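**Student:** The structure's right below; bear with me while I get my questions together.
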């Protein structure tokens, strides 16, 4: 206890020096608080981006593997390749459910597409136009059909609307209440115009003229394409519905070939290889591979990571320079106080206790300066963090508005459980309106750690000096 | 039969500075014995090693050869911090008080360091100050505002604060006038004769040597 009492007496008597030490620690504390707050903000942004981009894997062709067996010099090589391509075992919705039953998979969604004709509407096309094939579905399996019926199993799966490729132009008020439950459809405005269709009209889709499936139009969308060379957009003959509606059709007519494209949300990109092997064990053809969205997810955070590494360097430099200045001040301080050390040692105070007294003095000053510094830094870091975030906040808000607009604007309201923002690359960033959001408990603990580190570093001088000083020599010098 | 009065024995003590030649001793084969209840003077010419001997006795330095026994126990085996803050009191020529503290704070600090457990340390400090002839009003006065003689009295009061049995003083009256010297000597004699303490004074003052119970002469080396 008397060590603290002595420390306090020493602090009071050396006001000038201690104020100088306090100012230096205060500066370091301010700089550290702001730096740590910026680091936290940057980490928040990175996390926001990373959570905005759900970790997804899709199933794609292993082209490299398939090309291995392709030798153009051999006769019939193209035909053989086409045949082997068509022979690749496709996967079903049940397969997808089986694949998704893995500890690495957190969720999944899929699209199911099917080629169909119609008995009451015409395909949007110009006779003898060269664009044939541009406006058609990508899969060869549907090349003989007029329309592609594209079924989504959830809003999460509706990538084209989320990314802005498609935008609703007309939509029923209750469209999103029924869209995933029954034979309802969204059609392209070009197809609507070509066939004079409007909302609530019914279209009949047929397969081989045997069966007919009726769909009610609940929305009309347009494709936002830069392609100016064609009369109709690629999706002109795409009719959008839910996945169950597509699967129901294929259940009734097993001759129809459905193309299912799943997307799996995984816990970590590190587990992709293990997951792929697990899929192979569950029956996935080895000509398929898992593809991730990692590159897309990480590309947006590179500038933030740069800020993060800059402030880390700044923090380290501040600590090194601040630590050195404190060390020098303490060395001068110790030289000035050699006599005091000599007296204390002569009257029997142990080296440890003398050291503890000197460290206590610094700790008291550091504690007060850190508190002040944390306070000043906290107030300063709020506007600093928000200015760093400003552009990201604007981007986020603009993107959010745009995405809702793609889904039909206010018709999407009330469907918060179906948040199209989530998982699709739209980071949800908001401004800090409270100081504790920036300077949180973690920052304070880090600041305390920095303070202790500085005190220990700058106390090294006193520790070493007290260890080295002979009290007799000191007192002789004084005499 | 052991003499119970012996408190300190210097046995063949020699001291050589670490950077000195092999046979260049500051002190060589010193043998002194000190008893409770007596005042001793150690005299010698400048460079005879008086202060070095005091440093050895007070545990601030260690013998190069030989030994020093306190109450029969070698200082080499003792915790010297504890020895200095409990068993012996040291008084220096230049007082060695902490100038930024008051008289009482200097005395109380010594009590704190020794781990003395008493309720009212300030009252005890006042009692000690009275004992060494200091006025009550000096209790909260910074030591720098006291005269040399008064500072030396504070230093003596400090050395008595934890009631040690051995008081070691290095030229305690070297900076003082004759009258003050006599007053300080009277305090030391009272401590030895009335309180059965052993007081060792390192000095080259003839007046001091004439006033003490026994004088040890330190031969000049070389």
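Chains as they are written, first to last, in my numbering: chain A, 93 to 571; chain B, 10 to 231. Cβ coordinates follow ideal geometry from the N, Cα and C atoms, glycine included. Note that the structure is predicted; figures quoted are calculated from it, not measured.
#1: Do residue 64/B and residue 116/B come within 8 angstroms of each other at the CB atom, strictly closer than that value?
#2: Looking only at C-alpha atoms, which of 62/B, 87/B, 198/B, 215/B sits nearest to residue 165/B?
#3: Indicate whether at least one CB of chain B lies closer than 8 angstroms to the CB of residue 423/A.
#4: By how many angstroms is the C-alpha of residue 326/A removed from the C-alpha of residue 236/A?
#5: Would the beta-carbon of residue 313/A fall within 8 angstroms of that of residue 151/A?
#6: With a Cβ-Cβ cutoff of 8 angstroms, do residue 461/A and residue 95/A count as a contact?
#7: Using a Cβ distance threshold of 8 angstroms, determine whether the stretch 334-341 of chain A contacts the stretch 203-211 of chain A, with at least three qualifying pairs required.
#8: Taking just the CA atoms, how far does residue 209/B sit from residue 179/B?
#9: Which residues in the same chain have their Cβ closer than 6 angstroms to the Cβ of residue 123/B, if we skip the five residues on either side of it in sequence?
#10: Count the other CB atoms, across all protein chains shown, that sit within 10 Å of the CB of residue 388/A; report buried if there are 16 or more and exposed otherwise.
#11: Kindly list, in the order they appear in chain B, the residues whose Cβ is closer than 9 angstroms to that of residue 467/A.
#12: Provide the residue span of the alpha helix (DSSP H) that contains residue 187/B, from first to last.
#13: Can you tell me the Cα-Cα spacing of residue 137/B and residue 130/B, whole angstroms?
#14: When you compare the CB of residue 90/B with every CB in chain E, is at least one pair closer than 8 angstroms?
#15: For the candidate residues 561/A, 211/A, 563/A, 533/A, whose alpha-carbon lies nearest to that of residue 467/A?
#16: In chain order, which alpha helix (DSSP H) runs of at least 4 residues are fully inside the stretch 318-344 of chain A?
#17: For residue 329/A, count neighbouring C-beta atoms within 10 Å of its own C-beta (all shown protein chains included) and say buried if the count is 16 or more, exposed if not.
#18: Return no unless some Cβ of chain B is closer than 8 angstroms to the Cβ of residue 560/A.
#19: Pull up the DSSP beta-bridge partners for residue 79/B, would you.
#20: What residues of chain B sit near residue 441/A, judged by a beta carbon separation below 8 angstroms?
#21: Taking the beta carbon of residue 375/A as the centre, do at least 16 other beta carbons fall within 10 Å, making it buried, or is it exposed?
#22: What does residue 110/B reach in chain A if we use C-beta pairs closer than 8 angstroms?
#23: Determine, using beta carbons only, whether residue 105/B comes closer than 8 angstroms to chain A.
#24: Should residue 198/A and residue 385/A be called a contact, given that it needs their Cβ atoms to be closer than 8 angstroms?
#25: Find the residues of chain A that neighbour residue 99/B, judging by a C-beta separation of less than 8 angstroms, and give them in chain order.
#26: Measure the CB-CB distance between residue 432/A and residue 99/A and report whether it falls below 8 angstroms.
#27: Just to confirm the assignment, what range does the beta strand (DSSP E) spanning residue 303/A have?
#28: Taking just the CA atoms, how far does residue 135/A sit from residue 477/A?
#29: State the Cα-Cα distance for the pair residue 168/B and residue 201/B, rounded to the nearest angstrom.
#30: State the Cα-Cα distance for the pair residue 40/B and residue 86/B, rounded to the nearest angstrom.
#31: Out of 83/B, 121/B, 43/B, point me to the one whose CA is closest to residue 439/A's CA.
#32: Could you pull the start and end residues of the beta strand (DSSP E) that residue 404/A belongs to?
#33: Can we say the stretch 14-27 of chain B touches the stretch 50-66 of chain B, given the rule of at least three CB pairs closer than 8 angstroms?
#34: Quick check on the DSSP output: the alpha helix (DSSP H) that includes residue 66/B runs from which residue to which?
#35: Quick one: which residues of the stretch 51-67 of chain B get their C-beta closer than 7 angstroms to a C-beta of chain A? List them in chain order.
#36: Alpha helix (DSSP H) containing residue 158/A: first to last residue?
**Tutor:** So, from the data block:
#1: no
#2: 198/B
#3: no
#4: 16 angstroms
#5: no
#6: no
#7: yes
#8: 8 angstroms
#9: 94, 95, 171
#10: exposed
#11: Result: empty, since nearest Cβ-Cβ is about 31 angstroms, beyond 9 angstroms.
#12: 187-204
#13: 10 angstroms
#14: This model lacks chain E altogether, as its protein chains are A and B.
#15: 533/A
#16: 335-344
#17: buried
#18: no
#19: 17/B, 82/B
#20: 90, 94, 122
#21: exposed
#22: 101
#23: yes
#24: no
#25: 438, 439
#26: no
#27: 303-315
#28: 12 angstroms
#29: 14 angstroms
#30: 19 angstroms
#31: 121/B
#32: Careful: residue 404/A lies outside any beta strand (DSSP E), inside the alpha helix (DSSP H) at 394-428.
#33: yes
#34: 59-66
#35: 64
#36: 155-159
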